[in-house]
Amino acid sequence: MASNATKTKSKFPTIPGTKPSVKNAQLLISTGIPALDNIIGGGLPIGSIFLIEEDKYGLYAKIIFKYFMAEGVVTSQPILIASQDHQPSQFMSELPAVINDSECHTKTVDNGNEQMKIAWRYQNMKLVDSSPAEDHTFGHFYDLTKSMQPDLLEHADIKQWHESNLQEQNNIFENTAYTDLLRTIQEILRDGQYFISDTPDKKRILRIAIHCLGSRLWLSDTETSSNHDLLKFLYCFRALLRNSYAVGIITTPVNNFDNTDAFVERIEHISDIAIRLESFAGSAKETNPLFKDYHGLLHIKKLPALNTLTPHCLEFRDLAFKLRRKKFIIEVLHLPPEFEDTAQREQDEAIAPTIGCTSGSHKSILDF
């Protein structure tokens, strides 16, 4: 029995920064945000595409993008950064610093004291965990006010792609940027022996981060050609990921697309995991008292279903996010508490029509 157990355990490759899923043994890596890992089913499956539909100004999508890369640096996983809108080196200089164990313990104590301030009606409601825990072994926590430690960046294996090295056009894509990026990804997967068929001495996971794919700088001569190029790229990109130890994260400005032909839904269908960030900035929800404690809503558009018949089942769908000075927080959206009766509430009750078995005054103690 012992030998059989040893053989079973040896089937799982020991790769830093990974863990097998408890549901289907699918190998997972962290997004860099433990709360987001918990929402999508434990983490990002190897060989999958994580699509982030950007908010209106792209601020919060860029933060999640940086968390993903920072987690790769901390876990010594190679990274490929691709962008036409920003220099990849700029992202590396803005990566947040990882929080050590002592800071995690201090914040855990502070969060325990803050629980006393929660209204009693919400004490039994389950929250998405967004605070560090002492025994966490998968995923790390970061401080947005500090830059990544220089010693970690010096030893990180980071490759960059930008539009400056575009090659000649071919008959697959009208925009040469898609051709060059796809060729770069294929070469890195081959040279680094990330394909499943390869047998390197030490297996590693490649994190591929593509920022603002499908923006104005990715356009072709016509809108139809631009959409076709993006869809073909996603199909080819997914085929490469399915046969390799790699995970791709893509942010795309869906607000720039004309969705008359359900183009956004087609992109979500090609992806394995898709979320949409709805920012309150510049909208009527910014002044709505219901959302006063949050900066936007997080919509789950698609969940992974690799090596399983059914995707992960969400316990809560009303998710909101807020950006604090040091961290990005995802929580279940709760109604604000009513601490006491106000004059406005009394006025509303006086105006409200009487519904029920009573027919007239509210003064009778038998009315219900």
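The working numbering puts the first residue of the sequence shown at -18, with every later residue one more than the last. Positions of the beta carbon are idealized from the N, C-alpha and C atoms, including for glycine. Bear in mind the structure is a predicted one, so any value in this text is a computation, not a measurement.
Approximately 6 Å separates the beta-carbon atoms of Leu221 and Leu170; this is inside 8 Å, confirming the contact. Going by C-alpha positions, Leu40 is about 34 Å away from Lys4. Counting other Cβ atoms within 10 Å of its Cβ, Cys193 reaches 16 or more and is therefore classed as buried. About 6 Å separates the beta carbons of Phe302 and Ile310, which is inside the 8 Å limit, making them a contact pair.
C-alpha of Ile231 to C-alpha of Pro270: approximately 33 Å in a straight line.
Following the DSSP letters along the chain, one finds Arg223 inside the alpha helix (DSSP H) bounded by residues 204 to 223. Within the stretch 136 to 172, the runs of beta strand (DSSP E) at least 3 residues long that lie entirely inside it are, in chain order, 139 to 142. If you compare the alpha carbons of Ser196, Ile139, Ile(-4) with that of Tyr38, the shortest gap goes to Ser196.
Taking a C-beta distance under 9 Å as the contact criterion, Ala51 and Ile191 do not qualify as a contact pair. Collapsing the DSSP output to three states places Tyr41 in a helix. Only buried fits Pro26, as 16 or more other CB atoms lie within 10 angstroms of its CB.
For Ile60, the uninterrupted beta strand (DSSP E) segment begins and ends at 60 to 64. Per DSSP, reduced to three states, the secondary structure at Lys4 is coil, with no helix or strand assignment. Your pair Asn152 and Asp210 does not check out as a contact, with CB atoms roughly 12 Å apart and the cut at 8 Å. If you look at Glu35, you'll find it isn't in any beta strand (DSSP E); DSSP assigns it neither H nor E.
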